[in-house]
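Residue numbers for the sequence shown follow the working numbering, beginning at 48 and rising by one. A virtual CB, placed ideally from N, CA and C, is assigned to each residue, including glycine.
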Amino acid sequence: MSKLSTVISNDTPWRGRKNEAHSLAPHIAGLRSCVIGVLDIQGSVEEHIAALKKLGLSPIAVKTKSDLDEVDGLIIPGGESTTIGKLLDLYGLDEEIFKRASQSVKTSDSKPLAIWGTCAGAILIAKKVTNRPPQNLPLVDIEMERNSYGRQLDSFETEISAPEVSPKPIPAVFIRAPQIKRASPKAKVLAQYGGKPVMVRQGVFLATTFHPELTNDLSVLSYFIKITGENASKKEPEGCAKRAH
Ligand code: GLN
C-alpha cells in the first residue's frame, strides 16, 4: 500500500465504487500499446498502476532514466511535493523529464512525452507555486498555492463537471489539495470547483488538483491516454501502435 493510501481509511466513501472500466475502455481501444509510466518515488503510485491495468495497458513504474526512456506518457502522482521534488533532483530525473517534455517533438531524437500531474504532481509541473521553493519542472503556465483548503477541509470528495473529459460528473477526491490561483490563457481550464480551476490542460500537459486514481472513475486517465497517443503520433503516424503488443 502506498504512503498516500495509508492516510485514507478503508471506510471512506470514495472506496468501493462500482467499476466503470468496461464502459470507458472502447474509447481508448487502439491506444493500449502506449507505454504510460508512473513516477515511482513517493505517493499514490500503485493506485495509478492499477487503474492503467484496468484499462488494459501495461504500465511501468519509473524510478530511473532508463525507465523514463521507455514511456510515451508519465503520471506524476499525488503525495508530498517537497519529498518528490527533492528526490527528483537527487536522481537527476527532473532534468531528463524537463528536457524530453519541453523539446520539439518533430526535431528531437527522443520520444515525445506527455505528462499528467495529480495533486502534488500538479504542484511539481506548475510554473509558479507561491509557498514552495523554485520549481524543478516549470512546464504549465499556472500559479498554485499548496495546502490551500485549510485544515478543517484537509480531505473531501465532491463531483466536478468536465464535458471535454466525460459526459458524466467526475468524482473528485481532494487531499490536502493545492489551489490553482491563476491560469494563463495558454492553460485551458477543463474543470472548476468553488470558482477555481481544478483541472487544466496545456498542450500535452494535464494537471489535476484532485485524485481520480482513488475512485473507480477512469475518464481522466482515458483522457490522458488519448493525449499521449495523439502526441506519439506527431512523431510517427502510427504513434503508440507501432509497437506490436
Ligand atoms: N499537500 C501536498 C503537497 O503540498 C499535496 C497533497 C496530495 O498530493 N494529495 O505536496
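- For Ile189, the uninterrupted beta strand (DSSP E) run begins and ends at 187-192, by DSSP.
- Going by DSSP, Ala167 is part of the alpha helix (DSSP H) stretching over 167-172.
- By the C-beta density criterion, Asp201 is exposed, having fewer than 16 other C-beta atoms within 10 angstroms.
- Its Cα nearest to that of Met246, the residue Ile227 stands out among Asp264, Ile227, Leu261.
- In this structure, Gly84 sits near Glu117, with a CB-CB distance shorter than 8 Å.
- The DSSP-derived three-state label of Phe252 is strand.
- Taking 7 Å as the cut-off, one finds at least one heavy atom of ligand 1 near enough to the beta carbon of Thr129.
- Taking 8 Å as the cut-off, the Cβ atoms of Gly77 and Ala288 count as close.
- The region 151-171 makes contact with the region 252-261, as at least three CB pairs between them are under 8 Å.
- In the DSSP assignment, Leu265 falls outside any beta strand (DSSP E), carrying neither H nor E.
- Uninterrupted beta strand (DSSP E) stretches at least 3 residues long and entirely within the region 97-155 occur at 107-109, 120-123, given in chain order.
- The alpha carbon of Phe271 has as its nearest neighbour, out of Gly197, Phe252, Glu94, the alpha carbon of Phe252.
- Here the distance from the Cβ of Ala167 to the nearest heavy atom of ligand 1 is below 7 Å.
- If you check the C-beta of Gly286 against ligand 1, you find no heavy atom less than 7 Å away.
- When DSSP states are grouped into helix, strand and coil, Val92 belongs to the helix group.
- Residue pairing from DSSP places Arg229 in a beta bridge opposite Glu190.
- With respect to Lys174, Glu143 sits apart: the two C-beta atoms are not nearer than 8 Å.
- Going by beta carbons, Arg79 and Leu104 fall inside the 8 Å limit.
- Apart from sequence neighbours up to five positions away, the residues of its chain that approach Lys243 with a beta-carbon distance below 7 Å are Gln226, Ile227, ordered along the chain.
- For Pro218, the enclosing beta strand (DSSP E) starts and ends at 217-222.
- Taking the CA atoms as reference points, Ile75 sits about 25 Å from Gln239.
- Looking at the DSSP output, Pro244 sits in a beta bridge with Gln239.
- Per the C-alpha coordinates, the member of Glu94, Ile88, Leu140, Gly120 positioned closest to Leu184 is Leu140.
- With distances taken between CA atoms, Ala108 lies nearest to Gly120 out of Gly120, Lys101, Leu102.
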